[in-house]
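In this note's numbering, the protein residues as written are 6 to 337.
For every residue, glycine included, the Cβ atom is placed at its ideal position computed from N, Cα and C.
Since the model is a prediction, treat every value here as computed from it, not as a measurement.
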Amino acid sequence: MDGHKIAVLVLPGAAPLDVGIPAQVFAPRHGLGYELRPCSLEAGPVAGRDGLGFVVEAGIEALAEADTVIVPGFQNPAGPLDPRILDALRDAAFRGARMVSICGGAFALAAAGLLDGLRATTHWLLAPVLAREYPKVRVDGGVLFVDEGQVLTSAGVAAGIDICLHLVRTDHGVQASNAVARVMVAAPYRSGGQSQYVPRTIPEPLGEVFAATREWAMRHLEEPLTVEMLARHARVSARTFGRRFVEDTGYTPMQWILRARVDLARELLESTTLGVDQVATRVGVGTGANLRMHFQRILGTSPSEYRRTFGGGNLARTGAAPPAGPAAGTAK
């Protein structure tokens with residue numbers, strides 16, 4: 006990924022946090038090889054939102070050289086955009102650049118026709134407007150982000166952190182994204198399917214109990230876990246726990262547990278020499294065959310292929326070290 010160029014398109018009325026998040030996540034100090042270049046239609050000052058403005062050193066030509074294009078939220082997203090901006094977005098996508106939006110930036114991708122036929126999200130307040138203005142887009146206003154391969158969209162504000170960390174995770178693996186999250190004092194992983202907000206019908210103390218239960222479950226992934234056990238820890242009925250867990254996270258309890266186990270397996274494959282069967286035992290999925298099945302279904306790859314892609318090299322980038330002692334085995 007060395008020399009991976011990221012153009013951040015700062016449009017008039019850009020949201021300061023939406024612009025700042027990519028600058029933090031893809032900063033050179035993380036040692037991941039990203040080259041960030043804020044740009045606009047023309048180089049120079051760009052009026053921002055909430056009393057903050059920007060000065061960018063590059064014009065729209067920066068999109069022609071970018072490997073990834075990020076469009077943060079901007080003022081009046083449902084309004085018209087300069088045709089030169091839309092043409093530059095289309096050209097970048099046609100060239101194969103990865104296209105990403107944060108919050109209302111989805112409107113720019115939609116206006117360029119890049120979301121037609123795709124599932125996409127934006128801030129939940131803007132989702133009905135996006136659906137009305139662009140009926141060819143399958144708008145899902147209830148999730149944190151949507152990854153459609155070349156095109157990715159995220160919800161508003163803090164969800165920009167989630168999608169940027171997701172990009173790091175995709176490019177460099179779990180260990181690297183977790184290292185960046187630690188520096189930013191951010192949650193290392195919130196899945197794209199997680200709800201943008203918790204419905205107000207859920208009492209706040211119950212939400213806190215569920216958070217404690219999720220944390221408890223993360224410490225016991227190696228053990229057999231059931232909905233009944235989780236509900237007992239949360240001190241609610243299994244039926245109530247299951248229903249409210251879905252409302253809170255976007256996943257059933259066991260779907261969430263499985264994904265947590267797969268992520269733990271990814272970290273072990275990156276940072277240890279444990280064999281696939283040993284990793285499967287450590288994360289609670291039983292056998293290597295089960296782990297391979299879950300990897301293929303969730304990640305579209307195998308544990309061995311994942312280790313070949315992300316193992317070893319990430320240790321140096323993130324400053325992590327493999328466990329002491331003799332090798333525990335090899336991937337199968």
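Under 7 Å between the Cβ atoms of Gly165 and Ile107? yes
DSSP three-state call for Ala52: helix, strand or coil? coil
With the cut-off set at 7 Å, would you say Gln29 and Arg103 are in Cβ contact? no
Taking 6 Å as the cut-off, is the C-beta of Gly289 nearer than that to any heavy atom in the ligand GTP? Judged by which ligands are present, the structure shown has none, so any question about the ligand GTP falls away.
Taking the straight line between their C-alpha atoms, what separation do you get for Gly285 and Gly305? Just to set this straight, residue 285 is Ala in the shown sequence, not Gly. Cα to Cα, Ala285 sits roughly 17 Å from Gly305.
What residues are listed by DSSP as bridge partners for Leu14? Cys44
Roughly how many angstroms separate the alpha carbons of Pro258 and Glu66, rounded to a whole number? 47 Å
Whose C-beta lies closer than 8 Å to the C-beta of Leu68 among residues of the same chain, with five residues either side of it excluded? Ala12, Leu14, Cys44, Val74, Ala93, Leu94, Asp96, Ala97 and Ala102
Between Gly316 and Glu275, is the Cβ-Cβ spacing less than 7 Å? yes
Cβ pair Gly78, Asp23 closer than 7 Å: yes
Where the beta strand (DSSP E) through Ser242 begins and ends: Careful: Ser242 lies outside any beta strand (DSSP E) and carries neither H nor E.
CB-CB under 7 Å to Ser242, same chain, minus the five flanking residues each way: which ones, in chain order? Ala236
Where Thr231 falls: helix, strand or coil (DSSP): coil
Tyr311, DSSP secondary structure in three states: helix
Backbone secondary structure at Phe246 - three-state DSSP: helix
Count the other CB atoms within 10 Å of the CB of Phe99; is the residue buried (16 or more) or exposed (fewer)? exposed
Going by DSSP in three states, Val105 sits in which element: helix, strand or coil? strand
Hey, Ile303 and Val267: beta-carbon distance below 7 Å or not? yes
Would Arg313 be called buried (16 or more neighbouring beta carbons within 10 Å of its own) or exposed? exposed
Quick one: using the 10 Å Cβ neighbour count with 16 as the cut-off for buried, is Asn81 buried or exposed? exposed
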